[in-house]
Amino acid sequence: MTAASDVRILDQRNPEERDRPFLPGMGKTWLLPLYDVFTRVAGVRALHERAIELAGIAPGQAVVDVGCGTGNLSFAVLAAQPDARVTGLDPDGAALRRAARKARRRGVSLTLVQGYADRIPAEDASLDHVVSSLALHHVDDDGRVAFTHDALRALRPGGKITVVDFGGPAQGAEGARHPAHGHGPAHALRHLPGLIRSRVAQSPAVARNLGDGIVALLAGAGFGDAREVEHVDHRFGRVTFVQATRP
Ligand SMILES: C[S@@+](CC[C@H](N)C(=O)[O-])C[C@H]1O[C@@H](n2cnc3c(N)ncnc32)[C@H](O)[C@@H]1O
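Using the numbering used here, the first residue of the sequence shown is number 14, and each one after it goes up by one.
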């Protein structure tokens with residue numbers, strides 16, 4: 014018999030954090046209703062599935078999905094490993110409510126915590142995995158450093174962090190091949206992936222992930238074996254899969 018679905022949202026923000034700004038999934042809070050459709054069309058699900066394959070989560074393991082948004086990476090964890098104990102963390106309450114509705118519809122158990130990447134909701138050395146998808150480039154410089162230190166604290170020795178995001182070695186002048194103006198809606202739609210790709214490549218937020226940005230960030234926190242394990246040339250930009258293990 015399958016256990017009943019248990020879905021809960023916890024608010025771990027302290028009073029000062031209630032007004033703390035964050036960059037939402039689509040850049041603007043009012044675009045959230047489009048997030049799932051947009052990412053489905055953009056093929057993000059395949060990135061999630063690959064990240065979870067690479068993570069190699071075993072039955073019963075404790076996983077925190079940092080910057081979980083509407084929960085799609087968490088659902089990829091639960092699809093691959095239904096017995097994993099998954100917690101999604103995100104400052105966006107509206108995204109978490111969407112994730113909760115989806116979890117109930119799917120009949121899976123999921124804990125959702127409203128909070129920031131720099132305070133992972135887990136005891137010291139209690140997690141088997143930290144996973145994060147397309148979220149690191151939403152976190153500012155101090156937040157990124159604090160996130161990796163807190164991931165090291167929360168993972169048990171041998172626990173693994175798997176980050177998938179735009180980044181890795183740069184690929185030249187992205188904008189040049191994708192003109193920003195066109196001739197009508199059909200033209201604009203045809204060129205949308207190119208426009209997004211050039212915006213992603215030129216984004217100061219993504220710039221921090223370029224080169225060995227994510228690998229160096231993890232190494233700086235004390236992960237000894239941080240490395241890019243794979244990359245995908247997605248139509249919106251180069252996507253890197255970076256992993257490291259807590260020594
Ligand atoms: C592009 S979305 C990715 C959502 C999801 N991981 C996915 O792959 O579909 C980026 C997410 O990062 C979250 N975010 C922004 N700042 C954050 C922070 N400081 N800590 C944790 N998450 C943050 C946003 O609210 C948003 O849900």
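For every residue, glycine included, the Cβ atom is placed at its ideal position computed from N, Cα and C.
Relative to the non-hydrogen atoms of ligand 1, the Cβ of His162 never comes closer than 7 Å to any of them. DSSP places Leu91 in the helix class (H, G or I) of the three-state scheme.
Closest option to Ser146, judged by alpha-carbon separation, among Val90, Leu123, Ala97 and Gln215: Val90.
Comparing alpha carbon positions, the residue from Phe254, Pro260, Thr258 and Arg259 closest to Glu66 is Phe254. Runs of the beta strand (DSSP E) spanning 3 or more residues and lying entirely within the region 36-82 occur at 75-79, in chain order. Assignment of Glu29 by DSSP, reduced to helix, strand and coil, places it in the helix class.
Pairwise C-beta distances place the region 221-238 in contact with the region 158-167, as three or more of them are shorter than 8 Å.
For Ser18, the closest alpha carbon among the candidates Ile174, Asp105 and Ala116 is that of Ala116. Three or more beta-carbon pairs separated by less than 8 Å link the region 101-112 to the region 73-84, which places the two stretches in contact. Per the Cβ contact rule, the region 119-137 is in contact with the region 19-26 (3 or more Cβ pairs under 8 Å).
Arg210 sits buried, since 16 or more C-beta atoms from the chains shown fall within 10 Å of its C-beta.
If you compare the alpha carbons of Arg58, Val50 and Val144 with that of Gln256, the shortest gap goes to Val144. The alpha-carbon of Gly73 is positioned some 26 Å away from that of Leu149.
Contact between Arg58 and Asn85 is confirmed by a C-beta separation of about 7 Å, below the 8 Å threshold. For Val126, the shortest separation between its Cβ and any heavy atom of ligand 1 does not lie below 7 Å.
In this structure, the CA atom of Val50 is about 21 Å from the CA atom of Asp246.
Going by DSSP, Phe160 is part of the alpha helix (DSSP H) stretching over Asp154 to Ala167. Bridge partners of Lys173 according to DSSP: His142 and Thr258.
Taking the Cβ atoms as the reference, Gly226 lies roughly 22 Å from Gly172, outside the contact range of under 8 Å. Within a 10 Å sphere around the beta-carbon of Thr52 sit 16 or more other beta-carbons, which makes this residue buried. Separation of the CB atoms of Phe160 and Arg119 is rounded to 28 Å, and the pair is thereby denied contact status at 8 Å. Secondary structure at Leu147: coil, using DSSP grouped into helix, strand and coil.
Shortest gap from the CB of His151 to any heavy atom of ligand 1: under 7 Å. Annotated three-state conformation of Arg251 is strand, per DSSP. About 6 Å separates the beta carbon of Val213 from that of Val219, a gap short enough to meet the 8 Å contact definition.
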